[in-house]
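Residue numbers (my numbering), protein chains in the order written: chain E, 4 to 114; chain C, 4 to 114.
Cβ coordinates follow ideal geometry from the N, Cα and C atoms, glycine included.
Heads up, the thing below is written out as structure tokens.
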DNA sequence: TTATTTAATCGTATATTTGCGATATAAGAT
DNA sequence: ATCTTATATCGCAAATATACGATTAAATAA
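What follows is the structure, given as structure tokens:
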């Protein structure tokens, strides 16, 4: 991949792709589920639940944070992660937009 | 990554992640849009529209096909690609399920 | 039959992702 | 002040993804 071609697409396509990439790993989906299930902010618990090393979980959390899907604040010696519902809702809408946008144009498949 | 850890998660998480990966590139989102816009099955047209080489587009199409989002049939010397609406609808529902599932549990963010 | 057109595949280079152990950091406990 | 605990980050290895040119394959046109 000599050059990056991603910039040649629309911002909307890039944003949507980036969000999709954020949840394109079962570990990150599992992390989101754990974060949603617990009412309090956990972190080390995720490491207990997932079959991954602490450093790996930390890395996945960082990616979710970079994608804006998760917020993180320092709480004493531990970290507090939460789902960013606002961003999540926005991306949910973007997805719906894509799905509907595609579907409206052509409901029937020709092959 | 000495070992694959993806199998250690639920099938549902894996399937969803795989679908997300399929649309985790702006080129593939753009391809889906083109396929939806045209009423007929094109292929070479995608190459004209996208800023990518023919072999690269072919590769992206293959990935979409592997993910089940697109069907492809041979039509003489050319290929005919179409969106698989059924599979698309299924994944749309899976996404909604995830979003709602997460949201119901905890609407408020604690940080 | 030979040439042309269209698309898939191969080979290759490079970039990114995934994963882990080891180390660093920072707060709380002793 | 030192030890413990929790987490982030670094460095590395291996796997995957991205992109392209060249080649192959297969059907139509000449």
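| Query | Result |
| --- | --- |
| Which residues in the same chain have their Cβ closer than 6 Å to the Cβ of residue 94 (chain E), if we skip the five residues on either side of it in sequence? | 22 |
| By the DSSP assignment, the beta strand (DSSP E) with residue 45 (chain C) in it spans what residues? | From DSSP, residue 45 (chain C) is part of no beta strand (DSSP E); its letter is neither H nor E. |
| Against chain C, with Cβ distances strictly below 8 Å, would residue 67 (chain E) count as a contact? | no |
| Please report whether the beta-carbon of residue 72 (chain E) lies at a distance below 8 Å from any beta-carbon of chain C. | no |
| Taking the alpha-carbon positions, what's the residue 85 (chain C) to residue 13 (chain E) distance? | 22 Å |
| Can you say whether residue 56 (chain C) is buried or exposed, counting buried as having 16 or more other CB atoms within 10 angstroms of its CB? | exposed |
| Roughly how many angstroms lie between the CA atoms of residue 79 (chain E) and residue 51 (chain E), to the nearest whole one? | 20 Å |
| When you compare only the Cα positions, how much space is there between residue 75 (chain E) and residue 28 (chain E)? | 20 Å |
| Measuring from the CB of residue 36 (chain E), is there a heavy atom of the ligand FAD at a distance below 7 Å? | This structure lacks the ligand FAD, and indeed carries no ligand of any kind. |
| Taking only the alpha-carbon atoms, compute the straight-line gap between residue 7 (chain E) and residue 54 (chain C) and give it to the nearest angstrom. | 11 Å |
| Could you spell out the range, first to last residue, of the alpha helix (DSSP H) harbouring residue 59 (chain E)? | 57 to 69 |
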